[in-house]
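For reference, the structure discussed in these notes is given below.
Protein chains in written order, with full-length UniProt numbering: chain A, 1 to 314; chain B, 1 to 344.
Below, the structure is given as structure tokens:
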């Protein structure tokens, strides 16, 4: 097992290196002079020259790349162009908001999706299955920003039950949780439908296995077959998809962050790209990628731990 | 290998009630696709009955129908279908579930997929024994270990924590047989029990099944397309073709004096029986037609068919010098001398 985790970590580091290289290449190929975007069109050549020197843009490209990689290896993500604050500090400031939103969205979506998927399997081919199918597909089909806008309108503006914007005052857990409800609803709703369809498909496949026939041939009840046998197999089958889903939630909540004016990685990345704040782009994207591959490694480890065949092979 | 003579009925004292009694049982998928047509089959206590036939002959459908394990689209009908005294045609879901295990237990073709790959064998065997109320589980555990030891599994206690992939196919089939025996069933149904195993394992499994008949007194219904398996273990054999039983008799009658052209063709195609020097493996020309397509389903592939074969349905008639030997064929029933027989 330790060797297995070590190998996965090595692959993860290679992926992060690749991401850094691609980002570096992208920044140099993107049209527009970064100094002009940064300093404005009316900046003097001297100002631009000074900015170039400060950012290291006057050096040869390979030197820049080497410098970047050395800094990254030391865990240094550089300084923000505007505030001159360390990028790592800025990213770590907003990270909890993003993780909280992703977790909250995912936990409720997974719980409801599992229940709906199981109920659909129990009613396989009957109207209950059709109803859950229709509801699930419509959850998937509605864009999350539409859900975000409507839920904002209904629960914050008309009913005034929940806060419309912000993430709650730091230190006030109650306010932060209440500020999480609407965004996590908007982000998670599509995942409810997606997970319920996924669970249903995996369960139906599990229920067609030979061993289910064996259990039935001995009169074992359908409930026990579904919840003790098929569900475990189905969860194993969808685990990696779920992990990818969680990874994409860490970055994909940008609509919710904009609509609800929440701080977060998605919004920070967006703003950094718009303002050509390259160190910040590099920092946010790398941290996001790191979170993503960590999810993948965790999924691999958990599924290896759940599946005796994989467990014994590694 | 001298099977106990159970036929003819008139020559023996009154027979015990049959374990399985089917009269004119038919199974169809949907409304229009028949798979089994008007099958009569009786299995008495301690009897081993084999069903042979090529793929698509309906033998597996027949075996699965006994436990109501057919897909939802399947429709069963018949004048009588009794399993251990219960009428299966009238049984509702609860009654059918009650039969699964105690009345008839089943072992399947592929032991590698017959168990869940991600649950321990102990867990699965315990779940198969769900009828036993045993809060601590110790009693169940002891019974399972005893059953595993009985079918010849080394270190049965250790196997409880093993996963299926850690055992060979032959060992898993033994576990499956042990599971079936734990039910103390009246009938053991074995659907191609050795097809997925190598020859050594096959011999061991057949030996095990035969010794279980002696010790546990179960009747066995064994489905196979492998003639050697049938010859090895059965008392009585039914040959199925296109959903019907076309010939039935003691293993001796079927193997020494096969009467139906289809049975004869099956023997001619058995690789183990093909004479040396033959360059090509013989095959039966054509395909199995849809059951019920014509009066004699084999007529289209038959080498000796006559005009009456397509005009009249062939009758089910006594045939040959062996007791209880029946055949569904115009040619065999009417011709005086039996066709040249073969020895297995």
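All C-beta atoms in this analysis are idealised placements derived from N, C-alpha and C, irrespective of residue type, glycine included.
What residues match up with residue i in a beta bridge as DSSP calls it?
i, result
"residue 247/B", "239/B, 327/B"
"residue 316/B", "328/B"
"residue 171/B", "DSSP output for residue 171/B lists no bridge partner at all."
"residue 87/B", "82/B"
"residue 42/B", "21/B"
"residue 189/B", "106/B, 221/B"
"residue 26/B", "77/B"
"residue 34/B", "28/B"
"residue 50/B", "222/B, 237/B"
"residue 100/B", "104/B"
Look at the alpha carbon of residue i and the alpha carbon of residue j, and state the distance between them as a whole number of angstroms.
i, j, result
"residue 69/A", "residue 21/A", "9 Å"
"residue 55/A", "residue 5/A", "37 Å"
"residue 134/B", "residue 161/B", "19 Å"
"residue 286/A", "residue 74/A", "14 Å"
"residue 270/A", "residue 186/A", "20 Å"
"residue 238/B", "residue 246/B", "8 Å"
"residue 345/B", "residue 228/B", "Because chain B in this structure spans residues 1 to 344, residue 345/B falls outside the shown range and cannot be described."
"residue 218/B", "residue 40/B", "21 Å"
"residue 267/B", "residue 282/B", "10 Å"
"residue 143/B", "residue 182/B", "8 Å"
"residue 228/A", "residue 77/A", "47 Å"
"residue 167/B", "residue 136/B", "27 Å"
"residue 150/B", "residue 219/A", "23 Å"
"residue 274/A", "residue 253/A", "18 Å"
"residue 115/A", "residue 313/A", "32 Å"
"residue 257/A", "residue 151/A", "14 Å"
"residue 178/B", "residue 201/A", "33 Å"
"residue 329/B", "residue 296/B", "8 Å"
"residue 358/A", "residue 265/A", "Residue 358/A lies beyond the range of chain A shown here (1 to 314); nothing can be said about it."
"residue 99/A", "residue 170/A", "15 Å"
"residue 180/A", "residue 196/A", "23 Å"
"residue 250/B", "residue 42/B", "13 Å"
"residue 26/A", "residue 124/B", "55 Å"
"residue 180/B", "residue 174/A", "58 Å"
Quick test of your reading: residue i and residue j, contact by CB under 8 Å. State the CB separation rounded to the nearest angstrom.
i, j, result
"residue 261/B", "residue 331/B", "7 Å"
"residue 23/A", "residue 282/A", "5 Å"
"residue 260/A", "residue 182/A", "6 Å"
"residue 86/B", "residue 99/B", "6 Å"
"residue 75/B", "residue 28/B", "5 Å"
"residue 192/A", "residue 109/A", "5 Å"
CB-CB under 6 Å to residue i, same chain, minus the five flanking residues each way: which ones, in chain order?
i, result
"residue 221/A", "none"
"residue 246/A", "106, 295"
"residue 230/A", "203, 206, 207"
"residue 47/A", "39"
"residue 176/B", "107, 111, 114"
"residue 96/B", "68"
"residue 342/B", "Residue placement at residue 342/B is flagged as unreliable, the pLDDT there being 43, under the threshold of 50; the coordinate-derived value follows with that caveat. So the list reads 267, once near-sequence residues are dropped."
"residue 334/B", "With a pLDDT of 45 at residue 334/B, under the threshold of 50, the predicted position of this residue should be treated as unreliable, and no value is reported."
"residue 51/B", "59, 223, 238, 240"
Identify, in the order they occur along the chain, each residue of the same chain with its Cβ nearer than 7 Å to the Cβ of residue i, setting aside the five sequence neighbours on each side.
i, result
"residue 140/B", "126, 129, 132, 134"
"residue 60/B", "191, 223"
"residue 249/A", "102, 105, 106, 187"
"residue 213/B", "46, 48, 220"
"residue 239/A", "299, 302, 303"
"residue 355/B", "Past the edges of chain B, shown from 1 to 344, lies residue 355/B, and the structure says nothing about it."
"residue 320/B", "253, 257, 259, 338"
Closer than 8 Å by C-beta to residue i: which residues in its own chain qualify, once you throw out the five before and the five after it? Chain order, please.
i, result
"residue 145/B", "156, 157, 160"
"residue 79/A", "85, 86, 87, 279"
"residue 243/A", "295, 296, 298, 299"
"residue 120/B", "160, 161, 162, 163"
Is any heavy atom in the ligand NAD found nearer than 7 Å to the beta carbon of residue i?
i, result
"residue 59/A", "Among the components of this structure there are no ligands whatsoever, and the ligand NAD is therefore not found."
### Message
As an exercise, report each continuous alpha helix (DSSP H) stretch of at least 4 residues that is fully enclosed by the stretch 76-147 of chain A, in chain order.
### Response
87-122, 127-141
### Message
Threshold first: 4 residues or longer. Then list the alpha helix (DSSP H) segments lying entirely within the stretch 175-216 of chain A, N to C.
### Response
none
#### Entry: alpha helix (DSSP H) runs contained entirely in the stretch 115-160 of chain B, provided each spans 4 or more residues
121-128, 138-150, 156-159
### Task
List in chain order: all unbroken alpha helix (DSSP H) runs of 4+ residues lying wholly within the stretch 210-296 of chain A.
210-217, 231-252, 254-259, 265-274
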